[in-house]
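Protein chains in written order, with this note's numbering: chain A, 67 to 252; chain B, -6 to 297; chain C, -18 to 267.
To keep things clear, I will list the structure first and then write my remarks on it.
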Amino acid sequence: MIAVLTQAVRPTARTIAWRPVAGVAAGLVLLSVLLVEEDRAQMVMAWLGAAVTASLLVAAIRDRASRLLAAVPTPLSARRLLRLAIVAPVPVAVLVLVVGLRQPDGPLPLLGDVTALTLAGLGVASWMADERGVAWGAGLPLAWVAGAQFGNSSAGAVGDALLWWHTDSLVVGAIAAGCVLLGARR
Amino acid sequence: MSAGAALAVEVPVQASAPRWRVVRALARQEARRHLRSPMLPLGLAGFVYLAWVTRTSDDWSGIEYGGMPGAGVTLFLGVSLLVASSFRRERAGLVEDAPTGETTRATGRLLGAGVLVLVVAAATAVQVMVMRAGGGVDLGDEPGRTLHAHHTLPEVLQPVCVALVAVALGALLGRRVQQRAATTIALFAFWYLTAGITWLFQAAPVRPWSIVMVHPVEVRVGPHSADPLTFPEEWLLSAPDAYEPFWGRLVVSPELATAHDMWLIGLACVLVAFALPRRTRGRLLVVGGMVAAVAVIAQYAVAP
Amino acid sequence: MSTTVLTYARVAVSALTKTYGARVAVDEVDLSLGSGIIGVLGPNGAGKTTLLRMLATVLAPDKGTISLNGLDPRVPAERVEIRRRLGFLPQSSELYPNFTPLELVDYVAVLKEHTDRDWRRREATRVLEAVGLADRMHQKIRTLSGGMQQRVALAAALLGDPELLVLDEPATGLDPEQRLELRSLLARSAGRGTVILSTHNTAEVAALCQRVLVMREGRICFTGTPGELRDLADGRVWESGGADATALRSWMTADGTFRHIGDPPAGATHVAATLDDGYLLSGAGR
Chain A
67 MIAVLTQAVR PTARTIAWRP VAGVAAGLVL LSVLLVEEDR AQMVMAWLGA AVTASLLVAA
127 IRDRASRLLA AVPTPLSARR LLRLAIVAPV PVAVLVLVVG LRQPDGPLPL LGDVTALTLA
187 GLGVASWMAD ERGVAWGAGL PLAWVAGAQF GNSSAGAVGD ALLWWHTDSL VVGAIAAGCV
247 LLGARR
Chain B
-6 MSAGAALAVE VPVQASAPRW RVVRALARQE ARRHLRSPML PLGLAGFVYL AWVTRTSDDW
54 SGIEYGGMPG AGVTLFLGVS LLVASSFRRE RAGLVEDAPT GETTRATGRL LGAGVLVLVV
114 AAATAVQVMV MRAGGGVDLG DEPGRTLHAH HTLPEVLQPV CVALVAVALG ALLGRRVQQR
174 AATTIALFAF WYLTAGITWL FQAAPVRPWS IVMVHPVEVR VGPHSADPLT FPEEWLLSAP
234 DAYEPFWGRL VVSPELATAH DMWLIGLACV LVAFALPRRT RGRLLVVGGM VAAVAVIAQY
294 AVAP
Chain C
-18 MSTTVLTYAR VAVSALTKTY GARVAVDEVD LSLGSGIIGV LGPNGAGKTT LLRMLATVLA
42 PDKGTISLNG LDPRVPAERV EIRRRLGFLP QSSELYPNFT PLELVDYVAV LKEHTDRDWR
102 RREATRVLEA VGLADRMHQK IRTLSGGMQQ RVALAAALLG DPELLVLDEP ATGLDPEQRL
162 ELRSLLARSA GRGTVILSTH NTAEVAALCQ RVLVMREGRI CFTGTPGELR DLADGRVWES
222 GGADATALRS WMTADGTFRH IGDPPAGATH VAATLDDGYL LSGAGR
C-alpha cells in the first residue's frame, strides 16, 4: 500500500483543484494585512480561517474521477487520505503563519479548531454517498462556525454545542475521527 | 388518410418564440426553483433568529437599530448560493446547443432571482414594521438618547440593495468559478466578513466601500473626560467604551445612506456585467462603474 | 495477478436486493454466470446499473449474497482481492481533463497496485492501442471527443486483463466503426474470463453475447441465449396496415405499415421475429 500511495503522490497532486487552495491562502494573507492594526479582528480571523481551511480540506477529498476509480483495490479512504496529505500543508501553514502566530494563545488552539472541524466534515463525508457526502461535509465547518458566530448568544445546551468545535475541540476531533474510521470500514 | 400523413398533421410546428417570452418563461422557472429550495427557508430562519436576538438583546443601546441590515446575513448568503447554482447550470454542456443565447438566458436567470430580492424586501418590511409598531427603538446613551428611533427610507432600502449585490455576486461566481466548493467557501467568507462582522468596515476611510453600512454614523465629539451635558441636547450620544474610548455623536444621515445604496446598485451592475458574455457586458459595466464611482465620492462628500 | 484456473461459477448471486428509499431497484435477483460475454438488457430504471455496481463491489446490497470468483465482497480483504481481478467501466464518469490518456491509464494502474513502472507503461500503451487511441495517447483528455473519452475509461477498465469485466453501457457515445472495434475487443477479453455488460442495444447483444439477461423493475424476467430470446417472439409478430387493439404492442414502421407483437389474430400476416421483438415480449409474462 505504501508503495502504491508513494507512486500515486504526483498524479494525485495533479488531480487536485489548486485554485481554491491558492484563493483561500491569498485571501487569508490579504485579510491579515488589511486587519493588521485591528486587535478585535484577530478572533474573527481565527474563526473564519478555521472554517474556510477545514471546509477546503474536506472539499479537497472530492475526486472528479471517483466513479472510474470506484472499483480499484486501493481503498477510497486511502485515496482520500493521500489527497488530504497533499493539500493540507499549504493552507494550514498559511493559516498558522498569518493568523495563528498572532493569536494570544499561539497557534495550537487554532490548529485544534481546524482539526476538529475538518474531522467533523470528513465524518459526514464518510457516512454519506460520495459526492453529496463531500458537499455536506465541506459545508459543515462553515455552518458550525457561522452558527457559533451568530448564535452563541443562545442560552443553554444549544449555545454551548455551537461552540464545541472551539471549546472542546479534542473531544469533537476524537468523536469525529471515530466516525471517519467507522465510515471508512463500511 | 395514410399513417404518414396522420403523423405529419399531429406534429405541431414550433414557432420561434419572441425573446421576451423566452426570458419570462426562464425567469418563472428559475423563480419557482428558488422558492422551492430549502436554502431560502434556512436563510429566512437565520434572519428571523438574528432579528430576534438584536430585538431582545440589551448588550448596548442601539443594537436593534444598527443591527437591522446585518440581520439579513444568512439570507444574503442563501440568495448568493441559490443564484450561483442557477448560473452554474450555464456551465452544463446542454446549453451549448440551445437556440436561446447566453445573454437571454442570463437575463432570465437574473429576473428569476428577482423573487429572492422580493423576499428580502418583504422580510425587511416586516422587520421595520415590527420596530415601528413598538413605537421605535432605543438609540444613543444618556444624556443623548431616544427610545423612539425610526429608520429612514434609504436605510430601510439598504438590505434590498445588498440583496442585489448578493444576486450579482452569486451570478458572477456561479458563472465564472468552476469548483462549487470554491464558490461556497468564497461566498461564506464574503458574507461572514461584510454582513456578519459589520464593525470591521465602519472606520471612516473604508466605510463608503462597505457592503453593509451600520447607521447611525459615529462622530467623535469629545474625549473620555468630557462632560456630556455640555453637548447640545438634541444630539444623540455614544458613551466611551473599551473599543471607542471617547464621546461620540450618532448621526443618522439619509444622504449618506442614499449614496451608499447607489454604491451597492452600481457594484451589483459591475458584478453582473462580469457574469454576462464579454460582448454584452460593456454598457452595464460602464454605467455600473460610473454609478459606483460617483456614489463612493458622494459618500466621502456627505459623510458627517 | 493470480492466474488460477477457476472451475466454479465465476459470478454467483443469491437473493440480491437493493432499495433506494421506497423504490426497490434490484429485487431478489439470483444468478449464476460462467465465462463468456453476458449482456444485461432492460429499459431505463430497470435496475441494470444498480446490479452492475453491486457486481463491481462498488455498491453494497441491502440483502442477499454475491460471490465473485469464489470471493465474498462483504469481507474487506476479499473485496480487495476481487478488485485486483476486476475491471469496471461505470455508466458515466468524469476524467481528469489535464491528463493525457496515457497518464490517466497509468494512474489507474498505480491504484490497481501495479508498482512496476515499466510494466505499467507497456500495459497502458497496450490497452490504449486496443481501444484505438494509439495516436491520441499523448493528447490532453480535454481535447478528446466524448466517444474517445469513453474509450479512455474503457482502456482503464481493461488494464491487466481482468478476469471479470463489468461494463455499464460501454458503447454509449461510440460511432458504428468504434462499436465494431469494441465488439472484437470484448470478444478477445471474454476468452480470458467473464464480461458482463449492460446495454439498450439488442443488436449489440445479438452480435456479442453468449447469454442475455433481461431486467424489468428490478427483477430478471429472462435469462438465456440471444437466440432463445428471439425465439420468444416466434409466431407472435405480424404486420398490417393499421393499429391492432388486440396486440400487446404496435408501432409504425418506416414504410407506413404497422408491426405488432402479441397473440396474432386469425389470418394475420406473420413476419420473421427479431431480437427486439423477443426483448419486448420478454416482459409480457407469457
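For glycine and all other residues, C-beta sits at the position ideal for the given N, C-alpha and C.
Check: Drop a sphere of 10 angstroms on the beta-carbon of Lys44(C), count the other beta-carbons inside from all chains shown, and report buried for 16 or more, exposed for fewer.; Outcome: exposed
Check: Looking at the C-beta of Val76(B), does it have a partner C-beta in chain A at a distance below 8 Å?; Outcome: no
Check: Should the region 254 to 264 of chain C be called in touch with the region 202 to 209 of chain C, which here means at least 3 C-beta pairs below 8 Å?; Outcome: yes
Check: Any idea what DSSP makes of Arg101(C), helix, strand or coil?; Outcome: helix
Check: Out of Leu140(B), Thr139(B), Cys154(B), which one is the CA nearest neighbour of Leu146(B)?; Outcome: Cys154(B)
Check: Could you tell me whether the Cβ of Val5(C) comes closer than 8 Å to any Cβ of chain A?; Outcome: no
Check: Drop a sphere of 10 angstroms on the beta-carbon of Leu22(C), count the other beta-carbons inside from all chains shown, and report buried for 16 or more, exposed for fewer.; Outcome: buried
Check: Could you round the C-beta distance between Pro82(C) and Leu109(C) to whole angstroms and report it? I think they count as a contact, below 8 Å.; Outcome: 6 Å
Check: In chain order, which beta strand (DSSP E) runs of at least 3 residues are fully inside the region 108 to 188 of chain B?; Outcome: 130 to 134, 137 to 142
Check: Report the rounded CA-to-CA distance for Arg(-9)(C) versus Leu70(C), giving the unit in angstroms.; Outcome: 19 Å
Check: Do you know offhand how far Arg84(B)'s Cα is from Gly163(B)'s?; Outcome: 14 Å
Check: Are Glu144(C) and Thr175(C) touching if we call contact CB-CB under 8 Å?; Outcome: yes
Check: On the CB-based measure, 16 or more other CB atoms within 10 Å of its CB, does Ile290(B) come out buried or exposed?; Outcome: exposed
Check: What distance in whole Å lies between the Cβ atoms of Arg169(B) and Phe267(B), which are believed to be in contact at a cut-off of 8 Å?; Outcome: 7 Å
Check: Closest Cβ-Cβ distance between Pro77(A) and chain C: below 8 Å?; Outcome: yes
Check: If you count every other CB in all the chains shown that lies within 10 Å of the CB of Gly248(C), and 16 or more means buried, which is it?; Outcome: exposed
Check: Below 8 Å on C-beta distance, what does Leu135(A) contact in chain C?; Outcome: Val89, Leu92
Check: What does the Cβ neighbour count give for Gly223(C), buried or exposed, with the cut at 16 atoms within 10 Å?; Outcome: exposed
Check: Does the beta carbon of Gly(-3)(B) come closer than 8 Å to any beta carbon on chain A?; Outcome: Unreliable placement is indicated for Gly(-3)(B), whose pLDDT of 40 sits below 50; the coordinate value is still reported in the next sentence. It does not; no Cβ of chain A falls within 8 Å.
Check: Go ahead and pull the three-state DSSP assignment for Met194(A).; Outcome: coil
Check: Decide if Met32(B) is buried, meaning its Cβ has at least 16 other Cβ atoms within 10 Å, or exposed.; Outcome: buried
Check: Between which residues of its own chain and Leu109(B) is the CB-CB distance below 6 Å, once the five residues before and five after are set aside?; Outcome: His27, Val72
Check: Under the rule that 16 or more other beta-carbon atoms within 10 Å means buried, what is Asn25(C), buried or exposed?; Outcome: exposed
Check: Quick one: which residues of the region 153 to 172 of chain A get their C-beta closer than 7 Å to a C-beta of chain B? List them in chain order.; Outcome: none
Check: Answer yes or no: does any C-beta atom of chain B fall closer than 8 Å to that of Ser121(A)?; Outcome: yes
Check: Report the rounded CA-to-CA distance for Val295(B) versus Phe194(B), giving the unit in angstroms.; Outcome: 17 Å
Check: Quick one: grab the DSSP three-state call for Gly101(B).; Outcome: helix
Check: Is the region 184 to 191 of chain A touching the region 114 to 128 of chain A, taking contact as three or more C-beta pairs under 8 Å?; Outcome: yes
Check: My output table needs one value for Leu0(B): the three-state DSSP class, helix, strand or coil.; Outcome: In this predicted model, Leu0(B) has a pLDDT of only 44, less than 50, meaning its place in the structure is not dependable; the value taken from the coordinates is given anyway. Leu0(B): helix per DSSP, three-state reduction.
Check: Please list, in chain order, the chain C residues whose beta carbon lies closer than 7 Å to that of Val255(A).; Outcome: The first residue shown for chain A is 67 and the last is 252, placing residue 255(A) beyond what the model contains.
Check: Is Tyr1(C) close to chain A, meaning its C-beta is less than 8 Å from at least one C-beta of that chain?; Outcome: no
Check: Does the region 90 to 102 of chain B come close enough to the region 176 to 184 of chain B that 3 or more CB-CB pairs lie under 8 Å?; Outcome: no
Check: Could you confirm whether any beta carbon from chain A is found closer than 8 Å to the beta carbon of Leu76(C)?; Outcome: yes
Check: Apart from the five residues on each side of it in sequence, which residues of its chain come closer than 6 Å, Cβ to Cβ, to Val160(A)?; Outcome: Ala91, Leu94
Check: Quick check on Thr180(C): does DSSP put it in helix, strand or coil?; Outcome: strand
Check: Is Val6(B) buried or exposed, if buried means 16 or more other CB atoms sit within 10 Å of its CB?; Outcome: Any reading at Val6(B) is ruled out, since the residue's pLDDT is 48, under 50, leaving its predicted position unreliable.
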